[in-house]
Structure formats: C-alpha cells, structure tokens
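J.: Protein chains in written order, with the working numbering: chain A, 18 to 650; chain B, 153 to 516. The beta-carbon is built from N, C-alpha and C at its ideal position, and this holds for glycine as well. As the structure is a computational prediction, the values presented were derived from the model and not from experiment.
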Amino acid sequence: MTRRPELRNHQRDLYYFRLRLTVAGSIALFLFFILVARFAYLQIFQHNHYQTLAEQNRISIVPIVPNRGLILDRNGVPLAHNYTAFTLEITPSKIKKLEQTINELATLVEITAKDRKRFKKLLEESRNFESLPIRTRLNDVEIARFAANRYRFSGVDIKARLFRHYPQGEITSHAVGYIGRINDNDLDRLDEDDNLANYRGTNYIGRAGLEQSYEKELHGTTGFEEVETDAGGRAVRTLSRTPPTSGNNLTLHLDLKLQQVAEQAFGNFRGALVAIEPKTGGVLAYLSKPGFDTNLFVDGIDTQNWELLKNSPDKPLLNRPMHGEYPPGSTIKPFMALAGLEFNKRSPSFGINDPGFYTLPGSSHHYRDWKAGGHGFVDMHKSIVISCDTYYYGLAVELGVDNIFNFLSKFGFGKKTGIDIEGERSGLLPSQAWKMKRFKQKWFAGDTVSVGIGQGYNLATPLQLAVATATLANQGTKMQPQFVRQIQNAKSEVITPFAPQIASTLAIKSLNLELVRNAMIDVTQPGGTAGRAAAGAPYSIAGKTGTAQVVAIKQGEKYVESRIAERNRDHALFVAYAPAEDPKIALAILVENGGHGGTTAAPIARAMFDYYLLGKLPAPKDGTVTVDDNEHD
Amino acid sequence: MIRRLWLLFIRHIDNFLLAALLATLSFGLVILYSASGQSFDRVISQGVSMLVALAVMWALANLPPQHLMRIAWPSYVIGLLLLLGVALFGEVSHGARRWLHIGVSRIQPSELMKIAVPLMLAWYFEKRERSMRLSDFAVAAILLLLPVMLIAKQPDLGTALLIAASGFYVLFLAGIGWKVIVGLAISAAAFAPVAWSLMHDYQQQRVMTLLDPTQDPLGTGYHTIQSTIALGSGGIFGKGWLNGTQAHLDFLPERHTDFIFAVLGEEFGLFGILILLTLYLLIIARGIYITSHATTMFTRLIAGSITLTFATYAFVNMGMVSGILPVVGVPLPLISFGGTSLVTMLLGFGILMGVATHRRLVKQ
Numbered sequence: 018m019t020r021r022p023e024l025r026n027h028q029r030d031l032y033y034f035r036l037r038l039t040v041a042g043s044i045a046l047f048l049f050f051i052l053v054a055r056f057a058y059l060q061i062f063q064h065n066h067y068q069t070l071a072e073q074n075r076i077s078i079v080p081i082v083p084n085r086g087l088i089l090d091r092n093g094v095p096l097a098h099n100y101t102a103f104t105l106e107i108t109p110s111k112i113k114k115l116e117q118t119i120n121e122l123a124t125l126v127e128i129t130a131k132d133r134k135r136f137k138k139l140l141e142e143s144r145n146f147e148s149l150p151i152r153t154r155l156n157d158v159e160i161a162r163f164a165a166n167r168y169r170f171s172g173v174d175i176k177a178r179l180f181r182h183y184p185q186g187e188i189t190s191h192a193v194g195y196i197g198r199i200n201d202n203d204l205d206r207l208d209e210d211d212n213l214a215n216y217r218g219t220n221y222i223g224r225a226g227l228e229q230s231y232e233k234e235l236h237g238t239t240g241f242e243e244v245e246t247d248a249g250g251r252a253v254r255t256l257s258r259t260p261p262t263s264g265n266n267l268t269l270h271l272d273l274k275l276q277q278v279a280e281q282a283f284g285n286f287r288g289a290l291v292a293i294e295p296k297t298g299g300v301l302a303y304l305s306k307p308g309f310d311t312n313l314f315v316d317g318i319d320t321q322n323w324e325l326l327k328n329s330p331d332k333p334l335l336n337r338p339m340h341g342e343y344p345p346g347s348t349i350k351p352f353m354a355l356a357g358l359e360f361n362k363r364s365p366s367f368g369i370n371d372p373g374f375y376t377l378p379g380s381s382h383h384y385r386d387w388k389a390g391g392h393g394f395v396d397m398h399k400s401i402v403i404s405c406d407t408y409y410y411g412l413a414v415e416l417g418v419d420n421i422f423n424f425l426s427k428f429g430f431g432k433k434t435g436i437d438i439e440g441e442r443s444g445l446l447p448s449q450a451w452k453m454k455r456f457k458q459k460w461f462a463g464d465t466v467s468v469g470i471g472q473g474y475n476l477a478t479p480l481q482l483a484v485a486t487a488t489l490a491n492q493g494t495k496m497q498p499q500f501v502r503q504i505q506n507a508k509s510e511v512i513t514p515f516a517p518q519i520a521s522t523l524a525i526k527s528l529n530l531e532l533v534r535n536a537m538i539d540v541t542q543p544g545g546t547a548g549r550a551a552a553g554a555p556y557s558i559a560g561k562t563g564t565a566q567v568v569a570i571k572q573g574e575k576y577v578e579s580r581i582a583e584r585n586r587d588h589a590l591f592v593a594y595a596p597a598e599d600p601k602i603a604l605a606i607l608v609e610n611g612g613h614g615g616t617t618a619a620p621i622a623r624a625m626f627d628y629y630l631l632g633k634l635p636a637p638k639d640g641t642v643t644v645d646d647n648e649h650d
Numbered sequence: 153m154i155r156r157l158w159l160l161f162i163r164h165i166d167n168f169l170l171a172a173l174l175a176t177l178s179f180g181l182v183i184l185y186s187a188s189g190q191s192f193d194r195v196i197s198q199g200v201s202m203l204v205a206l207a208v209m210w211a212l213a214n215l216p217p218q219h220l221m222r223i224a225w226p227s228y229v230i231g232l233l234l235l236l237g238v239a240l241f242g243e244v245s246h247g248a249r250r251w252l253h254i255g256v257s258r259i260q261p262s263e264l265m266k267i268a269v270p271l272m273l274a275w276y277f278e279k280r281e282r283s284m285r286l287s288d289f290a291v292a293a294i295l296l297l298l299p300v301m302l303i304a305k306q307p308d309l310g311t312a313l314l315i316a317a318s319g320f321y322v323l324f325l326a327g328i329g330w331k332v333i334v335g336l337a338i339s340a341a342a343f344a345p346v347a348w349s350l351m352h353d354y355q356q357q358r359v360m361t362l363l364d365p366t367q368d369p370l371g372t373g374y375h376t377i378q379s380t381i382a383l384g385s386g387g388i389f390g391k392g393w394l395n396g397t398q399a400h401l402d403f404l405p406e407r408h409t410d411f412i413f414a415v416l417g418e419e420f421g422l423f424g425i426l427i428l429l430t431l432y433l434l435i436i437a438r439g440i441y442i443t444s445h446a447t448t449m450f451t452r453l454i455a456g457s458i459t460l461t462f463a464t465y466a467f468v469n470m471g472m473v474s475g476i477l478p479v480v481g482v483p484l485p486l487i488s489f490g491g492t493s494l495v496t497m498l499l500g501f502g503i504l505m506g507v508a509t510h511r512r513l514v515k516q
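#1: Nearest chain A C-beta to Phe403 of chain B closer than 8 Å, yes or no?
#2: Give the secondary structure of Gly219 of chain A by DSSP, where H, G and I count as helix, E and B as strand, and everything else as coil.
#3: Look up Val193 of chain A in the DSSP assignment and say whether it is helix, strand or coil.
#4: Could you confirm whether any beta carbon from chain B is found closer than 8 Å to the beta carbon of Gly42 of chain A?
#5: Does the CB of Arg75 of chain A have a neighbour CB from chain B at under 8 Å?
#6: Quick check on DSSP: helix, strand or coil for Arg21 of chain A?
#7: Quick check on Tyr321 of chain B - is its C-beta less than 8 Å from some C-beta in chain A?
#8: For the stretch 450-469 of chain B, list every residue whose C-beta sits within 7 Å of some C-beta in chain A, in sequence order.
#9: Please give me, in chain order, every unbroken run of the beta strand (DSSP E) with length at least 3 that falls completely inside the stretch 455-509 of chain A.
#10: For Thr108 of chain A and chain B, any beta-carbon pair shorter than 8 Å?
#11: Across which residues does DSSP place Asn99 of chain A in a beta bridge pair?
#12: Measuring straight from C-alpha to C-alpha, what distance separates Lys13 of chain A and Thr320 of chain A?
#13: Quick check on Lys331 of chain B: does DSSP put it in helix, strand or coil?
#14: Taking buried to mean at least 16 other C-beta atoms within 10 Å of its own C-beta, is His408 of chain B buried or exposed?
#15: Given a threshold of 16 other Cβ atoms within 10 Å of its Cβ, counted over all protein chains shown, does Glu23 of chain A qualify as buried or as exposed?
#16: Which residues in chain B have a C-beta closer than 7 Å to the C-beta of Ala45 of chain A? List them in chain order.
#17: So, is Arg586 of chain A buried or exposed, given that buried needs 16 or more other C-beta atoms within 10 angstroms?
#18: Mind checking if Ile61 of chain A is an interface residue toward chain B, Cβ cutoff 8 Å exclusive?
#19: Nearest-angstrom Cα distance between Tyr321 of chain B and Ala312 of chain B?
#20: How far does the beta strand (DSSP E) with Ile81 of chain A in it reach, from first residue to last?
#21: Would the beta-carbon of Thr652 of chain A fall within 8 Å of that of Ser77 of chain A?
#22: 8 Å is my cut-off, CB to CB: does Ala508 of chain B come that close to chain A?
#23: Can you name the start and end residues of the alpha helix (DSSP H) that Ser201 of chain B belongs to?
#24: Let me check understanding here. Comparing Cα to Cα, which of A:Tyr410, A:Asp371, A:Ala554 lies closest to Gly349 of chain A?
#25: In whole angstroms, what separates the C-alpha of Ile333 of chain B from that of Tyr441 of chain B?
#26: For Phe501 of chain B, which residues in chain A fall below 8 Å Cβ to Cβ?
#27: Would you call the CB atoms of Leu169 of chain B and Arg438 of chain B closer than 8 Å?
#28: Under 8 Å, with one C-beta from each stretch per pair, do the stretch 173-183 of chain A and the stretch 281-299 of chain A reach the 3-pair mark?
#29: In chain order, which alpha helix (DSSP H) runs of at least 4 residues are fully inside the stretch 577-631 of chain A?
#30: Can you confirm whether the stretch 428-448 of chain A touches the stretch 370-389 of chain A when touching is taken to mean that 3 or more C-beta pairs between the two stretches lie within less than 8 Å?
#31: Which residues in the same chain as Arg12 of chain A place their Cβ atom closer than 7 Å to its Cβ, once the five residues preceding and following it in sequence are excluded?
#32: Tell me, to the nearest whole angstrom, how far the beta carbon of Pro338 of chain A is from that of Leu480 of chain A; I am working on the premise that it is less than 8 Å.
#33: On the DSSP letters alone, give me the boundaries of the beta strand (DSSP E) that Asn370 of chain A sits inside.
#34: Taking only three categories from DSSP, how would you classify Ile175 of chain A?
#35: From Arg155 of chain B to Gly490 of chain B, what distance separates their C-alpha atoms?
#36: Note down, in chain order, every chain A residue with its Cβ under 9 Å from the Cβ of Phe179 of chain B.
This is the structure:
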C-alpha cells in the first residue's frame, strides 16, 4: 500500500512523458510539412523559373568569329589576308598580381619590353573581361614550354587566333588601311547601328582605308555555338551550331605591280600619286610616300613605334593623296584654258606678247612669269606647252573668280570626290562668297590673278587632280573614282562587279577638249616642259607640269633651288594621261620638295605608263638628273 | 539448429525499423551513384561503411540498456577530456580545430559526444528519478553546455547546436518546466545580439547569406543558389536518374556529401523527395513508438533523444539545401557519403532497437 502513491506517480509521469513526446513528434511533423511546402513551392510553382536558371547555367552561347574577307589587287594578289597563329593571352580580371605573372611568364617565353608596353596600352583601352595578348606568334618550343607550366598560370591561355596580315604593308598602307582592336568608341557605334551582336567574339575592326570603309562587307556574319558547359566553364559538348559566314572578298582596281613601279619611281622623294582608269574611275594606283607598316597596328602599336611614326618629319601617317592639300600650280592651266574657250574669253588663235610679267590695269605691281623676260608671242597652245604664267594672269582676271569657281568645280575641285575611303579633304576652290564668309573681306582683282596659275588660295588634293585629269581624258564624262572593282561573296562565291558610275557629264565642246589635249600632247614633245621625260615613248602622252610654292618669294627676288632648305623647296606636280588618243590611264603626281614637275614628277609618270601600257619595268636608276631650260616649271 | 542460431542472431533486431533503415540506405546508394559522378568506388566504399555501421547497430541492439547505463558517464568524461585535448593540441583543418591525433589515426571527439551527451543526461535523470528538482535540471544544463561550448569554440557551430538539441530533448522529455523553456527561449532571443558579436566572420556570413543569397552569388551564397536551382529545376518528377545537369556539370558543390539532397530533388523531383520523407517519417514514427513504450526513465529519454535528433538532422539538412536554413555542415542522415556519421547514426538506432527488444524480453 505504501507504494500506491508512487505507482500513481509513475502512471502520471508516463502520461506526461507521452504528452511531451506527442508535442515533440507534432513539432517534428509540422517542420516536415514546412519542408514539403518549400519543396512544392520550388518544384511546382517556381519550376519554370529554376528550369530557366539551370539551362542558363548549363548552356552558353559561344560566338564563332567569321574569317575576315580578303582584299586582293586586280590580278588576285592578296593585299590583306589572314593566317592562324598562337598567342599567349592574359585575362587581367582573373589575375591578382599582373606584373608578377608577366615576369614569371617571361621566364618561359620571350616577352620584350615592347610587348609589355603594348600590353599596358591594350590594358588601358580594353574591356574588363577580355583576354589580351601579351605575346603573339608563339613558336612551337614556346607553346610546349608554356603548356608544361600551364597549371601555374590560371587566367593565362594559349589561343589560336586569326591574324590579319598585310603582305604589302608599307606600299599599300594608305589604300588598304588596317584593322585595330575594338575599343569603347567602336562599341558605342556598333551599339547604335544595332550591330553589337554580330561583333560578339570579334576583337578587331577596320580602322583606316578600305579596311574601315568596307567593314560591313569584310567582317562577315558571326556564327554561334550552343555549348553545354560545366561549372568551371569547360565545354562538355556542343548542342547546336550555326556556322559563321566569312566576310566578302574585295577585288580592287589597284594593280600591285603598277603600285610598286610608282613606289620605286619616287626614289627617296616624298609625295603622292593617284592613277585612275578614265573610262571606269577605277583607282589603278594610290601611293602616299612614305607609307608605314600597317602590320604594326593590328595588335595595338607599341608606344615607341607610334612616337616614331607620329613625330617623323616625313609624316608617314599622312594620307597624302586625299588628305594632303597642295596648291595645284600650273596643272590648273589646261582647265583654265578650257574655261577661257567655253566662256568665249579666248579663241585658239588669240595671243599675247609676254613681257615676262603682268600688271593689273591702274597698278604697277608686277605679277612675274616664271621666265624672266617672257616667252614672246604666246597663244593658247603655246601657253600650255611652255606653261606661260602671264597668259593665265590675264585670262583669270577676264573670266572673274566666280566663273572660274563654277567651271572648275564641275571637274571636282573644291569638293570631295566621294571615293570609297573615308577621311577625304575637299581642297579649296576660292570664290567671292567664300572669301566673304572666311575672311569677311571683299574679293580683290589681285586675288584672281594668282588663282589663274593655281596659286593663291587654291588648294587641291592629288586625288582631285587625278579625277579632274581623268575627266579631261574621258571627254568630259566624270567617273566616280573607286577602289573596289568587285565583291565576291565568300559563301556563294558569286561575284558582284561594282559597275562604273558616271558622276556627271560636263557639257564641254569636243572641239575645245581637242584643242587642250593637243597642247597637252605637245607638253611631252621636245620643247614642252615635260619633253625630256617623255622622249622616245612609243605612245602619246597628254600632260601638264606644275610647281607649287612652299614658301613665298618676295617681290623682286629670284627662286634659286640650291639656296633654299630642302623642305622649303617647291613641290613638283605632273598630271597626264596616255595614250592621248584612247586614254587607258590618267594620273596626278605630286613630289614634295621635288622642284620642277618636268624633272621629278614627269619621269615617274613615264615609268607608270611604260609599265601599264607596255608591260615594261623601269631600268635601275642612274641617279643623275639634269635640268634643261624647258623643264623650268 | 541453424534456425535457432538465426533466431538468436535477430532476437534484438526491430524488424520494422530495420526494414525502413535498409530501404533508406538502399535509396541512398542509388542517389550516391549519381551524385558521385557514377563512381562505383564511392558506392562500394559507402556500402562497406554501411556494413560496419550495421554491425555496430547489431552489437548495440544486443547490449542490454542497463549495460549501456554503465558506460554512460565514462564515455562522457572521456569525450570531454578529448574535447579539451582538441582545444589544446588539436589539428587544424579547413580553418577549424576539430581533429585529434591519437597514435596512428585521428579522431573527431565531437562525433562521440553526439551519443555520449544524451547518454550521460539520460543516465543522470535515471539516477535522480525519484526526487527530481529544478536544481537537477541546472546540473544537467551544465553537463550539456560544457561540451557544447567546447565544440562551438572549435569552431563547429552546426555540431554544437545539434548536440545542444539532443541534450535539450532529454531535458524536455525528462520534464523540464514549461516556464523554464519559455524563459530559455526569451533569454536566447535576448542573447542573440551578443551571440552575433561572438560569432566568427564566416558564421555571420552564413546567416547573412541565408537572408539574401544573391548578395554574394559567387562566394557564400553560391551553395544555396545552386542547390535551390537544382531542386526547382527538378520539378515534380525530376530530370531522371543520372540526368541532373546541376549535379553532373559540377554546379552543385558538395554534391555527394552535404548537398546530396539537391541531387535527389533534381533527378527524382518532388516525387523522389516525398519517398525519402515518407521513409524518414516511418523511422521517426517507429522511434516514437519505441520511446513511448520504453519501460525505464533512462531508455525513454535516450530513445526519445535519438529519435528527435535524427528528425532534427534530416530537417536541418533539407532546410539548408532548400535555402530556408543557413548552410551548416550537417549531412543528410543515412544518405550522405561518409562513414563516421553513418556509424553514429546506426549506433543510435542500435540503442533504439535494444530499448525496444529488451523491454519485450522483460515483459515476457
């Protein structure tokens, strides 16, 4: 009996224990229900959301960069092509101690100071997660050495890349141009054009020349690969593939051999040359001398080379044919003569007695002819052949500046030619309105005098001169100048020719054109200013020499070449086309500080014609140049 | 003869519990094959661990509870000394001091304490059964807090909390007053800011990450983000065995250990999860049944604590994988790869079976 209360106590304890156990069990059950609710939420209600996330995790879209189109000369010689090479690339965002990593890499592969400088420059310009080349063109030994040590360098990879190469680098530099790495400005522009997607994976974009202006054709369409990747970003397998479409190939009018002939003919002179096929407007040769090695720019130019190019007094980066503006000098005279004929201010037989200078009515100022004492009786024909200045002083004044402006602008002076490379300058063709706008000054008759001989305010690019000469050669039909002759679709291989386009047809009497042409033919005959250069040519050349002053000569002083610093000497000019009866090629040549057009510029034209018309390569130069009196312009 | 031996062999095995455990373990091997990247080695290694663990379970099942009582306080004292040893001479691994070298192998004393602590407390309350006072609960609380503090210091917050929970279940079932529980809850809430300031940076980070995993998607939030993606993308029926993209493309970290549940959810979907939950609930239900029919204070308390601790492990792991609890290093019981936790787990179930079968024999 004494144990009874304790027994009851025991029963009660068991009851309370089971109650507590029930409570605990219920809580456990409740918590499990919370879990079930969570699972149901994730797996039923949010399933689509997480499904998408898992797919995004798993599938990455890898762009496949298309091969950039080739640029070929008219005979199919490559001027820009691609090759595959291995580069050592660093992804800076994945590396903490960049400097140290590069130092360690330098123990495996050669990394020059130039490489480092270039890398530094790329780093400043690059997008964040891009991988940047520290070394290009690795050789087999270097590849093997790095591969063996790869585990030490996370964030450093060897990649096979397509490289752009310009086999003719310097000679074709300003025509072909170059590509460069895409920077933020390019990205903004691509974004504006809604073209960003097509540039995923692309590192390069055309920067200058044809590479720039035909970017759309050359780039191609980026392909895409859907790749299953693991968490480390390694591709596990390919799910689908849309192949890229290579860029289209450009075939130019340009004849590389002809271009080389021009380059050699310039010798050590600086200058510009543009040769155009008169009937099509196709650019046969386009030289800016000196050029520069465009290959330097492909992967970002190093500072040292950049400074060298930028500060060189020879201005290799200046695209002279379209960016250089020079006084056209006497090469303007055939056009002035035509204007005189068309405006009925001059007849072929009309002539003047040249005392060696010109004075405006009521003025004592002497506008000098280049030949002291004058040329005696000068009619239109002779004025061109011997390049009489006095004749054109008077003609210009009689025509008046606005007539000159209207007439010359038809030939393309004073405005851009619209050639298929960007960055063209428009030169300067003065008029009364222009002077008022530019200087807020009235036009004086004295201003007109020097316009007549292509000096004064006049400025023209060598390209404009070439176009104007080609127009003359083509009987007044002005063709649109263009580099590209045809485009070949890389995929279908269908060739689309660029049909020659008539820019404008000038209403000029053919009789007048013939008069001027005959005079220009005699320029290259014995007694003409370019007679020596054309001597013995089995075809006829119509040409005109010119000289452009670099520094003004004071009234009463004489220009003596030997007394003037080389870079202040006159520029030599020559425009010509041949054969004169059926022109196949027209050109404009400017030789900087070359002195006389007949002496330095005309022989270059002769070499060009000999090659283009006869297939004759120039004989090695003997280096001596003699000047005879007739060439003194 | 053989039949008699067999009967002797299975005399102390609880068939229901064994069936549920074996079903769960088999399911675990199936998941592990996929989670380990189809590695037979891993599966065989885990199978060997299972055999060892089952042997331990069998041994414990055959051990009468009164014998178990005798080793309660010695194992607790030894465990405590080992923990002190760890604190003083322990080996540092992954930034935490958890291992102790003794002779040839190294051991993790906190693992021993998972069983020793509830044993000790159950033994203590059994001794004080006839005259239980509030002061006894205070003593029990100190017995509990000593190892918990040492383990939390290592630092291994997850294990510390789980051992604290297993001890608390003993206290709760022993009849600690409701007022005390409420008081503890309030003081815990009050202590929270202090605890926060005492926490290690990585522990704070884990809590912060739980609140907003996207805050640090590549760092501490990565685990949770990837495991919830795995679960959610699994949908109702899953992507199919061996077809989980999150698991097989390495997006899931710790996929064959602590995060193996995400592999299950991804490949077998909600359907597979419910199967596992059912198995777990069967085990828990059987545990509660055994507990409620236990005859002595000691057996009741130890059986109850083992059952509830098992439930806690399962809940914490699944909660962490599904992103409702912070990431603490708790394996999914009976499924995650790893021999130690498996042995500890089945050792507990051996005790549970012993409690069930020796009671039956006593009754007979």
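T.: Taking the definition as stated:
#1: Yes, contact with chain A.
#2: Going by the sequence as given, residue 219 of chain A is Thr instead of Gly. Under the three-state reduction of DSSP, Thr219 of chain A is assigned to coil, being neither helix nor strand.
#3: Here Val193 of chain A sits in helix by DSSP.
#4: It does; some Cβ of chain B falls within 8 Å.
#5: Yes, Arg75 of chain A lies at the interface with chain B (some Cβ there is under 8 Å from its Cβ).
#6: With a pLDDT of only 45 at Arg21 of chain A, under 50, the local geometry of the prediction cannot be trusted, and the value read off the model is given with reservation. Note: Arg21 of chain A maps to helix in three-state DSSP.
#7: Taking Cβ atoms only, chain A reaches closer than 8 Å to Tyr321 of chain B, which makes this a yes.
#8: Residues passing the 7 Å Cβ filter: Arg452, Gly456, Leu460, Ala463, Phe467.
#9: Considered as a whole, the stretch 455-509 of chain A harbours 494-496, 501-505 as its complete beta strand (DSSP E) runs of no fewer than 3 residues, in chain order.
#10: It does not; no Cβ of chain B falls within 8 Å.
#11: A:Arg181.
#12: The displayed coordinates of chain A run from 18 to 650. Any statement about residue 13 of chain A would go beyond what the structure contains.
#13: Three-state result, Lys331 of chain B: helix.
#14: Burial call: buried.
#15: In this prediction, Glu23 of chain A has a pLDDT of 48, which is less than 50 and means its spatial position is unreliable; nothing more can be read from the coordinates.
#16: Residues of chain B passing the Cβ test: Ile436, Leu460, Ala463.
#17: Buried, because 16 or more other Cβ atoms sit within 10 Å of the Cβ of Arg586 of chain A.
#18: True, the Cβ-Cβ gap to chain B drops below 8 Å.
#19: Cα-Cα distance, rounded: 14 Å.
#20: Unbroken beta strand (DSSP E) run through Ile81 of chain A: 76-81.
#21: Here chain A has residues from 18 to 650 only, and residue 652 of chain A is not among them.
#22: Chain A contact via Cβ: absent.
#23: Annotation: the continuous alpha helix (DSSP H) that includes Ser201 of chain B extends over 192-214.
#24: Strictly speaking, residue 349 of chain A in this sequence is Ile, with Gly absent from that position. Nearest to Ile349 of chain A by C-alpha distance, out of A:Tyr410, A:Asp371, A:Ala554, is A:Tyr410.
#25: Using only the alpha carbons, I get a separation of about 25 Å.
#26: Within 8 Å Cβ-Cβ: nothing; Phe501 of chain B doesn't reach chain A, min ~16 Å.
#27: Yes; because the gap between Cβ atoms is below 8 Å, this pair is in contact.
#28: No: the two stretches stay apart, fewer than three of their Cβ pairs being nearer than 8 Å.
#29: Listed in chain order, they are 619-631.
#30: They do not touch, by the three-pair rule.
#31: The structure shown does not extend to residue 12 of chain A, since chain A spans only 18 to 650, so no value can be given for it.
#32: Yes, Pro338 of chain A and Leu480 of chain A are in contact; Cβ-Cβ is about 5 Å, under 8 Å.
#33: Per DSSP, the continuous beta strand (DSSP E) segment holding Asn370 of chain A begins and ends at 368-371.
#34: Three-state DSSP puts Ile175 of chain A in a strand.
#35: Their backbone Cα atoms lie some 35 Å apart in a straight line.
#36: Those do not exist, as Phe179 of chain B stays about 17 Å from chain A at its closest Cβ, beyond 9 Å.
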